[in-house]
Amino acid sequence: MFTGKTVLITGGTGSFGKKCVEILLRDYSPKKIIVYSRDELKQYEMQQQFHTEVMRYFIGDVRDESRLKQAMREVDFVIHAAALKQVPAAEYNPMECIKTNVLGAQNVINAAIENGVQKVIALSTDKAANPVNLYGATKLASDKLFVAANNMVGSNPTRFSVVRYGNVVGSRGSVIPFFKKLVKEGVKELPITDVRMTRFWITLEQGIHFVFKSFERMYGGEIFVPKLPSARIVDIAKAIAPYLPYKIIGIRPGEKIHEVMCPKDDSHLTLQFHDHFVIRPTITFNRPTDYKVNAVGEVGTEVEQDFEYNSGNNPHFLTVDEICQLVDHV
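The numbering of the sequence shown is our numbering, which starts it at 5 and goes up by one.
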């Protein structure tokens with residue numbers, strides 16, 4: 005898929021981008037990898053780690069459409085990972101979140117179409133399904149933009165799809181490194197928002213391989229959702245510090261008890277495959293597409309009416325021992 009091709013990653017100096025570059029260099033032979041981000045220090049640090057001749061580093065913001073158009077010249081594939089992701093920060097700085105996550109998404113779309121990029125996948129989040137916070141609302145808007153972009157291409161070959169998944173184990177700001185930091189500082193108890201709380205969990209490498217597979221599976225317009233295990237917040241606390249009690253601090257602004265990845269309201273659009281779901285577009289495109297058989301020949305089936313895939317009704321929950329194994333790699 006990526007051998008001999010040029011791949012651009014927006015937000016490429018983040019945890020996803022760095023791991024993505026590592027896997028691309030390890031498992032493929034790309035013609036060029038372009039890291040597009042606004043942080044010069046992170047780019048400098050990344051250049052020390054990845055300094056092969058195929059690497060390119062572009063300073064730029066997704067808010068800057070003209071810079072994106074420059075960066076995407078002769079690019080084959082784009083992974084759009086750039087976003088403002090912190091829920092509380094988005095609540096306090098809503099317009100900044102909108103500028104990056106919504107206006108920035110449209111800039112990526114415009115640049116990709118103008119340059120004839122083959123395929124674009126935008127990274128989404130479980131918080132975009134039935135959003136209750138601004139971050140989730142901006143990512144839902146971004147998802148809608150990328151799906152609808154398939155009607156903007158005309159005769160252009162560019163196709164757009166979305167990958168939506170849950171919390172990444174060990175990512176910046178997530179609960180596992182936060183709990184480990186508290187334990188290291190010698191706290192006497194761990195803060196738990198709500199004992200009922202559950203979350204989907206995926207490792208960074210699993211997420212990247214799912215994105216890569218989605219490039220092969222996509223026609224354009226799909227939202228790809230992997231089947232993931234869930235974890236209970238109290239079990240995460242037990243895995244990290246079984247000897248510590250916990251205190252209930254209440255849900256933070258914009259949080260849910262359970263995260264949703266396939267909403268009930270989209271059940272009539274949702275297809276189930278062996279290891280993932282596909283949410284078909286709500287709109288029709290100029291070209292008829294049978295999403296029940298994907299581009300690699302896998303066959304999906306309709307889910308039941310009112311089906312919802314959320315972290316609370318998930319049939320697969322991680323045990324404390326399984327969480328311990330994940331924690332050891334963070």
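Even for Gly, the Cβ is constructed at its ideal location relative to N, Cα and C.
Check whether residue i and residue j have beta carbons under 7 Å apart
i	j	result
Lys-372	Glu-312	Outside the shown range of the chain, which is 5 to 334, sits residue 372, and nothing can be said about it.
Ile-196	Tyr-250	yes
Phe-20	Asp-130	no
Ala-241	Leu-194	yes
Ile-244	Phe-183	yes
Lys-46	Thr-14	no
Asn-114	Glu-78	no
Tyr-247	Gly-211	no
Val-66	Ala-86	yes
Val-167	Leu-107	no
Pro-233	His-320	yes
Met-76	Asn-105	no
His-84	Val-58	no
Lys-35	Lys-9	yes
His-262	Gly-316	yes
Pro-285	Val-172	no
Candidates the options, of which the one nearest residue i by Cα
i	options	result
Ile-37	Ser-70, Lys-22 and Glu-49	Lys-22
Arg-71	Lys-35, Gly-258, Asp-310 and Ala-116	Ala-116
His-296	Leu-273, Ile-13 and Ser-165	The amino acid occupying residue 296 in the given sequence is Lys; His does not appear at that position. When only C-alpha atoms are compared, the closest one is Leu-273.
Asp-43	Ile-63, Leu-28 and Cys-24	Ile-63
Leu-208	Gln-74, Leu-330, Ala-75 and Met-5	Leu-330
Ile-327	Val-25, Ile-287, Asp-310 and Ala-235	Ala-235
Asn-137	Arg-163, Glu-95, Asn-171 and Lys-103	Glu-95
Thr-202	Leu-149, Asn-314, Tyr-48 and Asp-147	Asn-314
Gly-301	Ile-255, Tyr-223, Gln-90 and Val-58	Tyr-223
Leu-149	Leu-186, Ile-287 and Phe-214	Ile-287
Leu-322	Ile-206, Gly-254, Ile-252 and Thr-293	Ile-206
Arg-291	Asn-318, Ile-255 and Val-157	Val-157
Glu-26	Met-50, Leu-186 and Glu-308	Met-50
Val-1	Val-215, Tyr-61, Glu-308 and Gly-254	Outside the shown range of the chain, which is 5 to 334, sits residue 1, and nothing can be said about it.
Val-91	Arg-30, Ile-255, Leu-186 and Arg-60	Ile-255
Whole-number beta carbon distance between residue j and residue i, since they are thought to touch under 8 Å
i	j	result
Phe-81	Gln-110	Going by Cβ atoms, the distance from Phe-81 to Gln-110 rounds to 19 Å, so no, they are not a contact pair.
Leu-28	Val-11	6 Å
Ser-271	Gly-225	Ser-271 to Gly-225, Cβ: 18 Å. No contact.
6 Å Cβ shell around residue i - same chain, five flanking residues per side excluded
i	result
Val-199	Val-238
Ser-33	Thr-7
Asn-134	Val-264 and Pro-267
Thr-162	Ala-116, Ile-117 and Val-121
Ala-132	Gly-140, Lys-143, Leu-144 and Asp-147
Ile-252	Ile-196
Contact set for residue i: own chain, Cβ-Cβ below 8 Å, skip 5 residues either direction
i	result
Val-303	Phe-277, Lys-296 and Val-297
Any C-beta of chain C under 7 Å from that of residue i
i	result
Pro-98	Of the protein chains in this structure there is only one, and it is not chain C.
Cutoff 7 Å; reference residue i; Cβ partners in own chain excluding five residues on either side
i	result
Glu-306	Leu-275
Cys-24	Ile-13, Ile-83 and Ile-212
Leu-186	Leu-194
> Is there contact here, the stretch 207-220 with the stretch 179-193, by at least three beta-carbon pairs under 8 Å?
Replying inline: No: fewer than three Cβ pairs fall under 8 Å.
Three or more beta-carbon pairs under 8 Å between the stretch 173-184 and the stretch 134-152, yes or no? At 8 Å Cβ cutoff, the stretches do not touch.
- prompt: So, do the stretch 228-238 and the stretch 279-287 have three or more beta carbon pairs nearer to each other than 8 Å?
  reply: By the C-beta criterion, the stretch 228-238 is judged to be in contact with the stretch 279-287, since at least 3 inter-stretch pairs fall below 8 Å.
Fill in: Contact between the stretch 92-106 and the stretch 48-59 (3+ Cβ pairs under 8 Å)
Flag = no, the stretch 92-106 and the stretch 48-59 do not touch.
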